[in-house]
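Residue numbers (this note's numbering): 13 to 272.
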Ligand code: AMP
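1) Is the CB-CB distance between residue 90 and residue 145 below 8 Å?
2) For the ligand AMP, is there any heavy atom lying closer than 7 Å to the beta carbon of residue 143?
3) Under the three-state reduction of DSSP, which class applies to residue 33: helix, strand or coil?
4) Find the nearest neighbour of residue 134 within the set 24, 243, 240, 37, judged by alpha-carbon distance.
5) Can you tell me whether residue 33 sits near the ligand AMP, meaning its C-beta is under 7 Å from at least one heavy atom of the ligand?
6) Any idea which residues DSSP pairs residue 43 with across the strands?
7) Check whether the Cβ atoms of residue 75 and residue 34 lie closer than 8 Å to each other.
8) If you count every other CB in all the chains shown that lies within 10 Å of the CB of residue 21, and 16 or more means buried, which is it?
9) Nearest-angstrom Cα distance between residue 43 and residue 221?
10) With hydrogens ignored, establish whether the beta-carbon of residue 126 is closer than 7 Å to any heavy atom of the ligand AMP.
11) What residue does the alpha helix (DSSP H) around residue 7 start on, and which one ends it?
12) Compute the distance between the beta-carbons of residue 193 and residue 173, then report whether it is under 8 Å.
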């Protein structure tokens with residue numbers, strides 16, 4: 013604990029999920045830094061970069077209350093000055109799932125996280141399991157590029173009906189918010205099948221699809237049962253496995269996952 017510096021990178025619009033990372037960092041590190049940066053490089057042209065919530069004053073108060081020692085809120089111009097042209101591309105693990113749905117997303121994530129690691133030089137950095145593929149991409153980048161930082165993945169914080177906390181949940185209308193609980197129900201149903209002995213990937217993916225279809229407002233983008241390190245789809249489980257999905261509820265795109 014002596015002298016350790018922990019970093020919690022965020023895009024702001026903080027909720028209890030973010031604050032759980034801060035809490036974990038506080039419990040393990042002497043000093044904790046956080047960043048708030050809505051990273052344009054990780055949003056596609058048709059995505060919600062301009063609409064993304066930016067309640068900066070509230071965020072700063074929450075971080076201060078949480079005991080964060082240092083917050084950096086860079087502007088896009090500071091992060092990507094004129095003639096910026098150096099990008100970090102993590103190859104295979106970035107390709108499927110979120111990478112396929114959101115081309116360029118992980119290039120933006122890996123680049124900004126690399127820059128944050130260089131700016132803060134943390135001993136430990138904290139990320140949410142909520143963004144499981146992001147965590148896998150960052151772990152790969154840290155190993156491949158010898159970043160001297162330990163990566164900690166923290167459990168997903170959920171609302172009482174199971175919906176994973178997300179800054180994007182604020183986009184949901186009342187009916188949509190109710191409907192959004194179907195993601196966790198679908199993941200839980202597949203997990204229950206697995207607990208009962210099912211190891212077949214197709215059967216577990218079909219179970220998630222089946223439950224998602226019971227919610228008329230939910231439009232499925234993908235369901236997956238993959239290796240949590242490589243993100244490759246599994247035919248059969250023989251070790252740890254990641255159930256994940258992306259679903260649209262109205263205009264809002266939600267992702268969630270469970271580790272088996
Ligand atoms: P974001 O602001 O969405 O970029 O998220 C910042 C960090 O918080 C990332 O490491 C996320 O994985 C993590 N995070 C987001 N939502 C949750 C949640 N519900 N529980 C735990 N961590 C989360």
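By construction, the Cβ of each residue, glycine as well, lies at the ideal position given by its N, Cα and C atoms. Predicted, not measured: the structure shown is a model, and the values here were computed from it.
Reading off the structure:
1) no
2) yes
3) helix
4) 37
5) yes
6) 17
7) yes
8) buried
9) 44 Å
10) no
11) Outside the modelled stretch of the chain, which goes from 13 to 272, sits residue 7, for which no answer is possible.
12) yes
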